[in-house]
Ligand SMILES: C[S@@+](CC[C@H](N)C(=O)[O-])C[C@H]1O[C@@H](n2cnc3c(N)ncnc32)[C@H](O)[C@@H]1O
Ligand code: SF4
Ligand code: SF4
């Protein structure tokens, strides 16, 4: 493909003016939104890129470089240009390698039932965490909850539809200990079952029963400091969750800690992480608070806190949070192009009454796709107009996002948050979250680039 784009003396070449430059200690990471490519360049190459932002021929590029006191040796300039062409970061005679680009971006979205689902056993909860995205649904009554037999049917149906990774959540799922045998059965049939719990009912439910039913347990614990953790999640929750962490990890089951990162705990994150690992967690996942209402915005870490957090935690974010996935076609510096936020495409959620929703953040009545006890999941998946409208949302209708340099890799952020804050699925998440998204993405690009370079993949062809 590159042959026909080889630079001849008469070719007019240009480096795209739309670019994001992120300074790093040994040069710059440069992101090209139009082609979703990332480059890591040194200071000398940055000067060349500056020159090339004005279209020119090879000869005039050489002359301009000379005027700046830079004279590349024989073949050096061509070598840099070749790399830029291979990475689709150079416009040559007015075009990127457009055929290849369209092949990369125009793959149809899959309509198959995803392999991953989260199931919400109950909307009841024994805690009342201040940031909970499920606040609106927390219920005191068991009224709409399904019987053991209904859940058995429902889980069987999920497995038959090809779902093989199920996260069991809620509300607090351990308020339904009667359902554990169903998960033990599902696990024996080969599915991967994970539990997310606040940990307070673990001892009461029984360690043996839990370990038999799940492949992994994620405990929600936000700080190594009891008062901070209890402020966020409720008095007494810290002691019980910590005790659950110790007991479960002794059995050898994978225990992760979900740590919701807020203004109150972000500065201590590293210490909390070290503490949880010492107590037996196999990993600690920082979850930046996802606002479920505009009130939650106040609890988000400030921009400065987030900046520092990202700087201090490069390694953790890379190794434990899969950021290098952003760089999935890393050999060619392609950081992908988001086509959807994942809701109703790569994930879905099942509510406590069997209703299918696009994702765990969109469990509102207007997004109910159908009920698994009344209709086959496959049918719900393919024929629900609600799921389809979420799936086919075209994010470029968000005015504020349209011309954003990060649009291809952000597409306006979490739709669940957008809906909860603005009341519209296609609403803008607002200046604070948008700013944070940008900061986050800048860091992600650098992290991804580093991860790939460390693995030596950047040079692979
Ligand atoms: C809704 S809870 C349900 C399971 C269980 N009750 C628990 O707290 O672990 C699932 C996970 O989402 C996290 N979570 C809740 N609200 C959140 C928010 N606004 N942003 C990010 N994570 C949140 C919780 O800390 C927990 O780890
Ligand atoms: S324990 Fe879980 S479901 Fe309950 S309030 Fe806290 S985050 Fe929400
Ligand atoms: S939310 Fe902000 S960062 Fe994301 S695409 Fe829109 S304008 Fe860009």
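Residue numbers (the numbering used here): 141 to 601.
Quick reminder that beta carbons are idealized off the backbone N, C-alpha and C, glycines included.
- Inclusion of residue 544 in the 7 Å shell around ligand 3 follows from its C-beta lying nearer than that to a non-hydrogen atom of the ligand.
- With fewer than three CB-CB distances shorter than 8 Å, the segment 437 to 450 does not count as touching the segment 380 to 395.
- Leaving aside the five residues that flank residue 184 on each side, the residues in its chain whose CB is nearer than 8 Å to its CB run, in chain order, 210.
- For residue 554, the shortest C-beta to heavy atom distance toward ligand 1 is 7 Å or greater.
- Taking a cut-off of 8 Å for Cβ pairs, the segment 577 to 589 and the segment 504 to 515 do not touch, as fewer than three such pairs fall below it.
- The nearest non-hydrogen atom of ligand 2 is 7 Å or more from the C-beta of residue 446.
- Under the three-state reduction of DSSP output, residue 456 falls in the helix class.
- Look at residue 503: its beta carbon is at least 7 Å from all of the heavy atoms in ligand 1.
- For residue 224, same chain residues with a beta-carbon under 6 Å away, outside a window of 5 residues either side, are 230 in chain order.
- In the DSSP assignment, residue 371 falls within the unbroken alpha helix (DSSP H) covering 366 to 373.
- The beta carbon of residue 234 lies closer than 8 Å to those of 152 in the same chain, with the five residues before and after it left out.
- One thing to note: residue 333 has its Cβ within 8 Å of the Cβ of residue 306.
- Residue state for residue 354 is assigned as coil, using DSSP reduced to three classes.
- Distance from the CA atom of residue 193 to the CA atom of residue 154, rounded to whole angstroms, is 5 Å.
- Note: residue 426 is bridge-paired with 399 in the DSSP secondary-structure output.
- Relative to the non-hydrogen atoms of ligand 3, the Cβ of residue 551 comes within a distance shorter than 7 Å of at least one.
- Looking at the backbone, the Cα of residue 294 and that of residue 494 are separated by about 7 Å.
- In this structure, residue 378 has its CB at a distance of at least 7 Å from all heavy atoms of ligand 1.
- Take the alpha-carbon of residue 160 and the one of residue 367: they are about 41 Å apart.
- When the five nearest sequence neighbours on each side are left out, the beta carbons in the same chain lying within less than 7 Å of the beta carbon of residue 404 are those of 368, 371 and 372, in order along the chain.
- A check of alpha carbon separations from residue 566 across 540, 572, 575 and 289 identifies 540 as the nearest.
- It is roughly 12 Å from the alpha-carbon of residue 329 to the alpha-carbon of residue 303.
- For residue 332, no alpha helix (DSSP H) segment is defined; the enclosing uninterrupted segment is the beta strand (DSSP E) at 332 to 337.
- The closest heavy atom of ligand 1 lies 7 Å or more from the beta carbon of residue 577.
- Between the C-alpha atoms of residue 363 and residue 409 there is a straight-line separation of about 7 Å.
- At a cut-off of 7 Å, the beta-carbon of residue 310 counts as near ligand 2: some heavy atom of the ligand is closer than that.
- Within 10 angstroms of the beta-carbon of residue 576 lie 16 or more other beta-carbons, which makes it buried.
- Taking C-beta separations shorter than 7 Å and ignoring five residues to either side along the sequence, the partners of residue 411 in its chain run 364, following chain order.
- Exclusion of the five residues before and after residue 323 leaves 333 and 353 as the residues of its chain whose Cβ lies within less than 6 Å of its Cβ.
- Residue 417 counts as exposed, since fewer than 16 other beta carbons sit within 10 angstroms of its beta carbon.
- The C-beta distance from residue 489 to residue 258 rounds to 5 Å, short enough to meet the 8 Å contact threshold.
- Taking all protein chains in view, the Cβ of residue 207 is surrounded by fewer than 16 other Cβ atoms within 10 Å, so the residue is classified as exposed.
- In the DSSP assignment, residue 518 falls within the alpha helix (DSSP H) that extends over 517 to 523.
- A residue is called buried when at least 16 other Cβ atoms come within 10 angstroms of its Cβ; residue 178 meets this threshold and is buried.
- Per DSSP, residue 561 has no beta-bridge partner at all.
- Under the three-state reduction of DSSP, residue 163 is assigned to strand.
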